[in-house]
Amino acid sequence: MIICPPAAIGMLGGGQLGRYTLVAAKLMGYRTIVVDPDPAAPAGVIADEHFVASYDDAQALDRLAAECAVVTTEFENPPADALRRLAARVVVAPSAEAVAAAQDRIAEKAFLAGHGFAVAPYTVVAGAGDVDAAVS
Numbered sequence: 012m013i014i015c016p017p018a019a020i021g022m023l024g025g026g027q028l029g030r031y032t033l034v035a036a037k038l039m040g041y042r043t044i045v046v047d048p049d050p051a052a053p054a055g056v057i058a059d060e061h062f063v064a065s066y067d068d069a070q071a072l073d074r075l076a077a078e079c080a081v082v083t084t085e086f087e088n089p090p091a092d093a094l095r096r097l098a099a100r101v102v103v104a105p106s107a108e109a110v111a112a113a114q115d116r117i118a119e120k121a122f123l124a125g126h127g128f129a130v131a132p133y134t135v136v137a138g139a140g141d142v143d144a145a146v147s
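If you count the sequence shown from 1, position 73 lands on 84 in the numbering used here, and the numbers rise without skipping.
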């Protein structure tokens, strides 16, 4: 899929790294839209539009999906459910499933090991009782 300017790129999160991304996108002629709860978010202040809303605000997400050709994330912890909601209407990268796996270290290691990646030995410690077993 090729998305050409002046299409809109949406972003969940408005931090400094997002700002760098938006500067590059705007130089290429893309419109940019940010969803971030902080009205002074670094990416939000340079975006063509900034929806000041929480990352799980259904109205803001629906509006973002309606106005963008693609949506990405500025940080590693957006709500996976928000990405799923967006993905029903617009291209989203990274996927909700990738983000959800990255947010759960146990699921992430299991996924990587299950797909042939080298993973350092680890033990799941769910409570204090598991510590002795993990150390021995």
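Quick reminder that beta carbons are idealized off the backbone N, C-alpha and C, glycines included.
Beta-carbon separation of Ala109 and Ala118 under 8 Å? no
Alpha carbon to alpha carbon, how far is Arg116 from Val135? Taking the Cα positions, Arg116 is about 10 Å away from Val135.
How many Å lie between Ala76 and Arg100 at the Cα? Straight through space, the alpha carbons of Arg100 and Ala76 are spaced by roughly 6 Å.
Less than 8 Å between the CB atoms is what I'm expecting for Val45 and His61, so what's the real figure, rounded? 5 Å
Which same chain residues, not among the five before or five after Phe86, have their C-beta less than 7 Å away from its C-beta? Gly24, Gly26
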